[in-house]
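Novice: Those protein sequence lines, which keep their order, are chains A and B. Under UniProt numbering, the first residue of the first sequence is numbered 1, with each subsequent residue one higher. Under UniProt numbering, the first residue of the second sequence is numbered 1, with each subsequent residue one higher. Think of the CB as a built atom: it goes at the ideal place given N, C-alpha and C, for glycine as much as any other residue. This structure is a prediction, so every number in the text was calculated from the model and none was measured. Before I ask anything, let me first share the structure, which is written out below as structure tokens.
Protein chains: 2
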Amino acid sequence: MSSISDPASFPEPVDLSHYLSRTTRAREASTIKRFYKYFTIPGIGQIAGGTPSDKYFPYDTLEAKVAHPNRFRPTPNKPLDPPPNDPPTAPLAASSISPRKHGKDDPPAARLFVPHDSGVPDPLRMIDLKSALQYGTAQGYPSLYYFIRQFTRNNLHPFVPYKDGPEVILTCGNTDGFAKTIQALSDEWFEGHDPVEERPGLLVEEYCYMNAIQTARPRGMNIVPVAIDDEGMCAKGPGGLEDVLASWDSSKGRRPHMIYTVTVGQNPTSGTLSVARRTEIYALCVEYDVIIVEDDPYWYLQFPSSSPSMADFKPVKSSGFEFLDSLIPSYLSLDYQGRVVRLDTFSKTVAPGCRLGWITAQPALVERILRITECSTQQPSGFVQSMVAELVMGPQSSTDPGKGGAADGSGWKVDGFVRWLEGLRGNYERRMSAMCDVLNANKHLVKAGRRKSLSEVASDDEEWAVVEKMIIYDFVRPLGGMFVWVRFNFSTHPLRKQVPAPRLAQALWVLWTTKPYLCLVAPGSMFAPTAEIRDADAYNCFRLCFAACPEDEVADISKRFTDGAQAFWRIRSKEKIDKLLEEEDKEGEAKTDAGMGMLMGVC
Amino acid sequence: MSSISDPASFPEPVDLSHYLSRTTRAREASTIKRFYKYFTIPGIGQIAGGTPSDKYFPYDTLEAKVAHPNRFRPTPNKPLDPPPNDPPTAPLAASSISPRKHGKDDPPAARLFVPHDSGVPDPLRMIDLKSALQYGTAQGYPSLYYFIRQFTRNNLHPFVPYKDGPEVILTCGNTDGFAKTIQALSDEWFEGHDPVEERPGLLVEEYCYMNAIQTARPRGMNIVPVAIDDEGMCAKGPGGLEDVLASWDSSKGRRPHMIYTVTVGQNPTSGTLSVARRTEIYALCVEYDVIIVEDDPYWYLQFPSSSPSMADFKPVKSSGFEFLDSLIPSYLSLDYQGRVVRLDTFSKTVAPGCRLGWITAQPALVERILRITECSTQQPSGFVQSMVAELVMGPQSSTDPGKGGAADGSGWKVDGFVRWLEGLRGNYERRMSAMCDVLNANKHLVKAGRRKSLSEVASDDEEWAVVEKMIIYDFVRPLGGMFVWVRFNFSTHPLRKQVPAPRLAQALWVLWTTKPYLCLVAPGSMFAPTAEIRDADAYNCFRLCFAACPEDEVADISKRFTDGAQAFWRIRSKEKIDKLLEEEDKEGEAKTDAGMGMLMGVC
């Protein structure tokens with residue numbers, strides 16, 4: 001690889017056009033540029049384009065009350081002593097974030113203002129309704145596109161080791177971004193219609209985000225799980241990436257040429273992939289010509305308090321921000337061949353309802369996705385594009401009547417956006433800590449009232465002495481994201497011999513929904529990409545999310561969860577299980593099916 | 001067909017599942033409903049879904065300054081005397097719309113306000129940021145979805161003659177709606193890969209909106225043009241729909257099973273299809289099992305001043321509004337089999353940058369498109385959904401702090417939205433009138449200074465007498481939309497024998513871009529769906545749009561257009577043509593290619 005000091009000497013990204021789908025290849029490139037000269041003739045009367053008059057838009061201005069970037073308190077960028085499973089409660093206590101109230105208790109806010117006409121002539125600095133609410137370009141609203149492009153190239157991923165670096169295109173969120181990526185890079189395939197040797201495959205984590213599967217599977221893609229450990233996808237070992245690729249059985253289709261992966265705070269297991277592991281996997285992708293689609297909505301939610309070693313990584317090139325430098329970098333930072341397609345979203349940094357994100361990849365791929373965008377979404381809504389642009393960029397000249405998200409009326413700028421991310425990470429890290437502390441304190445079954453004196457140990461009642469020390473579930477404190485993945489050990493349940501473990505798991509799920517436990521958790525089967533994994537293992541696992549419930553209830557709901565688990569391990573009658581599952585048995589299907597996945601499929 | 005008084009006796013829509021694409025068939029239906037009961041348990045602790053906390057969205061409120069529904073002056077719903085090509089100038093004069101200025105001259109406006117929390121518990125009446133900026137359902141934001149569904153079923157299309165009527169789903173505009181429709185209803189096909197008898201076809205107007213073609217063609221679809229007349233698609237006669245379907249040559253692929261059509265103010269020809277023609281075409285679609293995809297962004301822009309006969313139509317069932325009742329109804333009003341998929345958009349009623357529209361069709365098809373939406377766009381942006389919902393619906397209870405678009409703080413309501421449409425129609429009808437009056441007054445070539453006395457007629461200078469009366473172009477005054485389609489007759493040009501007509505057309509296009517004419521028009525070739533049409537006829541035509549330029553310049557730009565045409569017909573030297581095309585000749589390709597289409601492809 002070339003010297004960091006001379007990016008022009010980086011290798012060209014490799015040509016991936018052999019992986020373009022037939023549809024994507026057939027899309028015509030735009031020869032737009034040669035016509036610009038006519039459009040910019042001074043005084044030209046425009047009666048060619050079919051755009052409506054911006055004078056007829058009913059919105060004269062868009063405005064908002066918006067947070068200052070420092071609304072929330074950050075957590076430190078470096079891990080703290082003592083070690084993670086006994087963390088200090090003070091710095092991570094969830095106490096100091098003022099809950100939002102309306103009226104005089106409102107947290108300080110700025111007045112966002114998007115004018116009808118900014119008076120700014122440069123499209124890259126123009127934020128106004130006459131342009132944002134008009135037809136636009138598929139790259140994205142020019143000013144926002146340009147901000148995101150600079151932020152991506154200079155701050156998020158300052159080191160991408162191929163010539164001239166990546167290009168970006170705005171999307172309507174990561175589900176849209178993934179749908180376009182997969183449409184660009186794989187042909188539809190159908191059993192009985194297309195030859196098996198053409199069947200494309202998608203490599204995924206053994207437990208993964210099902211919306212991606214639901215996008216790929218109806219296209220006929222082979223969904224190929226790869227073994228995971230606490231970090232995420234395994235490179236080596238049985239079922240790891242190398243094993244899957246090297247031993248590929250081509251009677252099942254083509255050797256998969258794409259990975260879909262969530263590398264930080266993986267959904268659902270919360271795995272966070274180290275740089276060492278990324279390096280191993282990237283090398284395999286080079287060897288086997290595999291494209292990595294990296295979907296990283298939780299990337300900036302990395303929790304140093306969970307891992308003293310995580311922050312040992314030192315970036316090749318600084319982003320200019322201590323916070324960003326402390327994050328495990330994207331696969332892009334290793335991508336000397338241009339085989340990484342990264343999906344970013346505002347869903348977790350601003351709001352899911354934005355439906356706003358972006359793809360970062362080598363320019364030739366982005367150009368093809370641009371063509372797909374022209375004939376589908378065209379661009380994200382101008383309402384969100386202009387309001388996010390104004391939030392971060394603010395007015396662009398002394399006469400621009402726009403107002404941004406900073407206290408002085410300017411935009412958040414990159415500094416403010418990074419500060420906002422730090423505050424969010426702080427909030428989620430405190431929540432994570434609150435949940436994990438409760439989970440950790442209650443994972444052993446304690447049979448109060450049946451404790452025996454030491455002299456009784458090894459009597460005929462020995463079994464109880466064992467049970468009293470039993471861990472009924474375990475989990476790894478997440479290094480990132482919004483989830484805790486809890487794995488139960490049903491072989492320790494008193495009814496293990498009378499009731500099959502999947503049925504115990506189902507009954508446990510129902511018990512949690514009853515008083516006094518009252519909590520709704522996501523069953524592991526929702527995240528099993530294949531029927532084999534669902535039937536063999538998924539019932540042991542549950543995904544807990546510390547992001548959705550009110551902040552001051554995280555600990556309490558977590559306690560109800562652990563109380564429910566404890567109570568379930570005290571059930572010694574099969575009839576009680578049957579009673580819990582009475583309604584479910586009537587309805588015929590397992591509860592933990594795709595339906596629940598759909599219900600939460602967007603999350 | 002059944003009695004209008006008993007919609008329950010209407011026939012069930014026909015089963016169109018034989019036309020579903022393989023991908024669309026493979027999408028799993030959601031079994032979501034059976035889980036609702038768990039989500040609604042009082043006090044349930046939600047740690048299942050992976051949604052972020054709405055307290056962490058940086059937008060506390062969204063606000064706007066918005067037009068009152070009566071900002072613009074309507075035109076009459078009934079045609080006026082005298083006849084269209086000599087219209088009265090007074091009632092349609094473009095004089096009384098105040099141009100938008102900032103400051104004290106601003107037109108009256110309301111203050112829109114979307115609160116963080118409306119306090120309204122019913123999702124169908126909830127308009128606030130805690131819900132709109134959260135993950136949502138693929139149908140659309142519930143309150144807006146429900147408003148649009150009612151408006152569509154009760155007001156826009158009060159009579160749809162199949163049992164229980166149509167369903168709707170929100171889209172990110174009509175390009176998105178069409179992309180999803182075509183994905184639902186046709187398989188991808190590729191020469192050399194798939195058997196020719198599987199090749200799907202799309203019937204389109206002889207000149208049509210190219211973005212639709214650019215969506216369909218890369219999927220391998222056969223683009224099949226159907227002859228048009230001034231109304232739009234022809235049912236009978238050579239090249240009409242019946243002729244194309246009855247004489248289908250299956251060596252070119254399957255007989256086409258879909259029509260893509262713009263039925264009102266067609267883009268580019270501005271044709272507007274009568275009810276009689278719709279009835280003929282619908283009957284053919286029943287006979288040949290064809291699905292009609294009706295894309296009607298200009299539907300409410302129907303111009304009675306252009307057509308004394310247009311408003312003769314009497315609706316089967318009233319919408320409750322004189323304005324809506326006066327409009328030629330959608331194909332839906334004839335759709336007793338449920339084979340119409342209608343695409344509606346806010347692009348021309350609110351703003352193109354909304355990226356917001358909806359599909360109306362039989363419920364079984366809408367359900368499949370819902371599945372596609374779940375794995376692509378998910379939902380339109382919550383920014384635009386909440387702001388449009390608040391505009392039209394306003395606060396939903398006495399304690400809801402929201403504010404809508406009406407002067408008293410309530411929403412526009414259906415009345416206000418219809419009034420807004422009437423005002424827009426008024427604006428565009430006045431623009432149309434201004435342009436067409438100029439075009440009509442200047443279509444004859446007048447050779448001033450060479451006029452001869454009557455006694456000289458039939459002398460050896462006879463040719464000039466003929467030229468003096470010559471029509472150099474013609475057009476039909478549009479019954480709807482934003483365009484005038486102008487057809488030139490290059491066989492009357494003095495250089496007709498030295499320069500091929502396509503080259504004359506190209507030179508004319510360039511002449512218009514030069515001083516003093518300075519106008520940019522869309523060449524007909526941009527709208528030719530096949531190379532045959534492009535080469536045989538398209539060069540004769542140009543599309544003029546009266547919507548994009550400033551209102552008070554419509555007449556002036558139109559005059560520059562006619563001056564340019566007149567001047568071009570006075571060019572008698574081939575060298576002048578060569579000089580005009582010098583730069584174009586250098587660049588090699590014809591200007592009127594796909595590039596320009598891309599540039600204006602979204603319009």
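Going along chain A, which residues have a C-beta under 9 Å from L391/B?
Specialist: In chain order: P58 and Y59.
Novice: Have a look at D335/A and Y146/A and give me their C-alpha separation to the nearest angstrom.
Specialist: Those two C-alpha atoms are separated by around 22 Å.
Novice: Whole angstroms is fine: what's the gap from P99/A's alpha carbon to K55/B's?
Specialist: Only weak support is given to the placement of P99/A: the predicted model assigns it a pLDDT of 43, under 50, and the question is left unresolved by the model.
Novice: With burial defined as no fewer than 16 other Cβ atoms inside 10 Å of the residue's Cβ, what is the status of R451/A: buried or exposed?
Specialist: Any reading at R451/A must be qualified, since the residue scores a pLDDT of 47, below 50, and its modelled position is unreliable; the value itself is stated next. It counts as exposed.
Novice: Alpha carbons only, please: which of L332/B, D194/B, K317/B and S433/B is nearest the one belonging to E167/B?
Specialist: Nearest C-alpha to E167/B: L332/B.
Novice: Near P142/B, which residues of its chain fall below 6 Å by C-beta distance, leaving aside the five closest residues on each side in sequence?
Specialist: So the list reads P123 and L124, once near-sequence residues are dropped.
Novice: Does the beta-carbon of T171/A have 16 or more other beta-carbons within 10 angstroms, so that it is buried, or is it exposed?
Specialist: Result: buried.
Novice: Under the three-state reduction of DSSP, which class applies to A522/A: helix, strand or coil?
Specialist: A522/A: strand per DSSP, three-state reduction.
Novice: Closest Cβ-Cβ distance between S96/A and chain B: below 8 Å?
Specialist: Because S96/A carries a pLDDT of 43, less than 50, the predicted location of this residue cannot be relied on, and no value is offered for it.
Novice: Should R219/A go down as buried or exposed, given a rule of 16 or more other Cβ atoms within 10 Å for buried?
Specialist: Buried, since its Cβ has 16 or more Cβ neighbours within 10 Å.
Novice: Which word fits R496/B, buried or exposed, when buried means at least 16 other C-beta atoms lie within 10 angstroms of its C-beta?
Specialist: R496/B is exposed by the Cβ-count criterion.
Novice: Expressed to the nearest angstrom, what Euclidean distance is found between the alpha-carbon atoms of N489/B and D537/B?
Specialist: When rounded, the distance between both Cα atoms is 11 Å.
Novice: For a contact defined as C-beta to C-beta under 8 Å, what are the partners of K348/A on chain B?
Specialist: Near K348/A (Cβ distances below 8 Å), the residues of chain B are P52.
Novice: Is D295/A helix, strand or coil by DSSP?
Specialist: Of the three classes helix, strand and coil, the one that applies to D295/A here is strand, per DSSP.
Novice: Can you pull the chain B neighbours of L133/A, defined as C-beta to C-beta under 9 Å?
Specialist: Those are V350, A351, P352, G353 and C354, listed as they occur along chain B.
Novice: Please say whether F561/B and V554/B have beta carbons closer to each other than 8 Å?
Specialist: Not a contact, by the Cβ cut-off of 8 Å.
Novice: Out of curiosity, what's the CA-to-CA distance linking H18/A and T24/A?
Specialist: Those two C-alpha atoms are separated by around 11 Å.
Novice: Who are the near neighbours of M387/B in its chain, counting only those whose CB is closer than 7 Å to its CB and skipping five residues on each side?
Specialist: Closer than 7 Å at the Cβ level, and outside the excluded window around M387/B, lie L62, A64, L112 and V114.
Novice: With H, G and I counted as helix, E and B as strand and the rest as coil, what does DSSP make of R451/B?
Specialist: With a pLDDT of only 48 at R451/B, under 50, the local geometry of the prediction cannot be trusted, and no value is derived from it.
Novice: Kindly indicate if chain A contains any beta-carbon less than 8 Å away from that of A548/B.
Specialist: Chain A contact via Cβ: present.
Novice: Suppose contacts are defined by Cβ-Cβ distances below 8 Å. Is F383/A in contact with F383/B by that definition?
Specialist: Yes, these two residues count as a Cβ contact at 8 Å.
Novice: For V262/A, collect the residues of the same chain with a Cβ closer than 7 Å to its Cβ; drop the 5 residues on either side in sequence, then sort them by chain order.
Specialist: Around V262/A: Y209, D295 and D296.
Novice: Report the residue from L356/A, Q337/A and T215/A whose alpha carbon sits nearest the alpha carbon of D344/A.
Specialist: With distances taken between Cα atoms, D344/A lies closest to L356/A.
Novice: Are the stretch 212–232 of chain B and the stretch 245–265 of chain B touching, with three or more C-beta to C-beta distances below 8 Å?
Specialist: Yes: the two stretches touch, three or more of their Cβ pairs being nearer than 8 Å.
Novice: Report the CB separation of K20/A from L156/A in whole angstroms; it is logged as a contact under 8 Å.
Specialist: According to the sequence shown, residue 20/A is Leu rather than Lys. So it is not a contact: roughly 26 Å between Cβ atoms.
Novice: Please confirm if Y145/A has its CB atom under 8 Å from at least one CB of chain B.
Specialist: Judged by the 8 Å Cβ criterion, Y145/A is not in contact with chain B.
Novice: Got a sec: is the Cβ-Cβ distance from R277/B to anything in chain A below 8 Å?
Specialist: Output row for R277/B: interface = no.
Novice: Please compile the residues from chain A whose C-beta is within a distance smaller than 8 Å of the C-beta of E188/B.
Specialist: Ordered by position in chain A, the residues that pass the 8 Å Cβ test against E188/B are R22, T23, D187 and E188.
Novice: When you compare the CB positions of R71/A and G416/A, do they come within less than 8 Å of one another, or not?
Specialist: Cβ distance not < 8 Å, so R71/A and G416/A don't count as in contact.
Novice: Could you spell out the range, first to last residue, of the beta strand (DSSP E) harbouring Y59/A?
Specialist: Unbroken beta strand (DSSP E) run through Y59/A: Y59 to A67.
Novice: Which stretch, first to last residue, makes up the alpha helix (DSSP H) that contains V286/A?
Specialist: From DSSP, the alpha helix (DSSP H) with V286/A extends over V275 to Y288.
Novice: If we define contact as Cβ-Cβ less than 8 Å, is G173/B a contact residue for chain E?
Specialist: Reference to chain E is not applicable here, since the protein chains of this structure are A and B.
Novice: For the stretch 561–580 of chain A and the stretch 505–519 of chain A, state whether three or more C-beta atom pairs, one from each stretch, are separated by less than 8 Å.
Specialist: Touching, per the Cβ criterion.
Novice: List the residues of chain B whose Cβ lies closer than 7 Å to the Cβ of E322/A, in chain order.
Specialist: Residues of chain B passing the Cβ test: none, with the nearest at roughly 22 Å.
Novice: Under three-state DSSP, which class holds D344/A?
Specialist: The answer is strand: DSSP assigns D344/A an E or B state.
Novice: Under a three-way DSSP split, which group does F10/B fall into?
Specialist: Note: F10/B maps to coil in three-state DSSP.
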